[in-house]
Amino acid sequence: ELDDYSICFAQVYATMPQENQRIVAKKFVKMLHEESENNIHQYSHAFFFSSQIEMLEPSEAELVKAHFLNRLKKEPSNESLIGTLSGFGNLLEEQELSEVTDYGMRLIAYGGTNMKERGRDLVNQLWIATSSPKEAAIKSRISDWIALLKQRELPDALVIAQDLLDNIEIPF
């Protein structure tokens, strides 16, 4: 049921004037300062998506980014976080890109079928959302993971990782 509200919210949000979108995005920042962790998690799951971060001041965007990166460390199997972080590519520094890429690659290596797909989608979306100088961090981590997957003899994960790297190197 919450997912239905989320879909409706996203559709309405997309039709709002930018100033109203900015107000909505700033509501989440206010919640980070004032609300309980449970309320923040519920709201962010249903009503926050990565494009809202563009409406925030740089310091606010940093706070939101830090919140989601911290939650990813605490809740590594939370699929809603995976989707949110996939749109943060250009906001992440190289070290953060490496950490989120590693997270996606761990899902590919050790997750079930659904989580392997989510990991692949996360890394692919990070690549798409990342600008040129930072792309090397993602490519490097995928290459390192390919070596590890070969060493650990994880053929299913290796195929996914190699496919990711091939699509990055030849994007058509």
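In my numbering, the protein residues as written are 774 to 945. For every residue, glycine included, the Cβ atom is placed at its ideal position computed from N, Cα and C. On a predicted model such as this, the values are computed, not experimentally measured, just so you know.
Where residue i sits in the DSSP three-state scheme
i	result
R893	helix
E830	coil
N863	helix
R879	helix
R795	helix
M789	coil
P849	coil
E807	helix
G884	coil
E835	helix
E869	helix
8 Å CB neighbourhood of residue i in its chain, flanking five on each side removed
i	result
W918	D875, M878, I881, A882, A934
L921	A882
S850	M888
L805	I813, L836, V837, H840
Residue of the options minimising C-alpha distance to residue i
i	options	result
F820	E835, A787, E807, L845	A787
E830	Q784, K800, A920, P849	K800
S913	N812, E867, V785	E867
V714	K889, V896, G885, T886	Any answer about residue 714 is impossible in this case: the structure gives the chain only from 774 up to 945.
V802	T886, C781, H840	H840
I796	T886, M828, K923, Q898	M828
N940	L927, D929, R893	R893
L937	R925, I813, R891, E869	R891
I780	S809, E807, A798, H818	H818
L775	Q784, Q815, S809	Q815
Boundaries (first-last residue) of the alpha helix (DSSP H) holding residue i
i	result
E810	810-820
L938	928-942
S916	905-924
Residues of its chain near residue i, where Cβ-Cβ distance is below 6 Å and the 5 sequence neighbours each way are ignored
i	result
V837	I826
R737	Because the chain spans 774 through 945 in this model, residue 737 falls outside it and cannot be assessed.
S823	T857, G860, F861
Other residues of its chain near residue i: CB distance less than 7 Å, five sequence neighbours each side excluded
i	result
S871	A910, R914
>> Between the stretch 857-867 and the stretch 886-904, can you find at least three pairs of beta-carbon atoms closer than 8 Å?
In response: yes
>> Does the structure place the stretch 832-845 close enough to the stretch 774-792 that three or more beta carbon pairs sit under 8 Å?
In response: no
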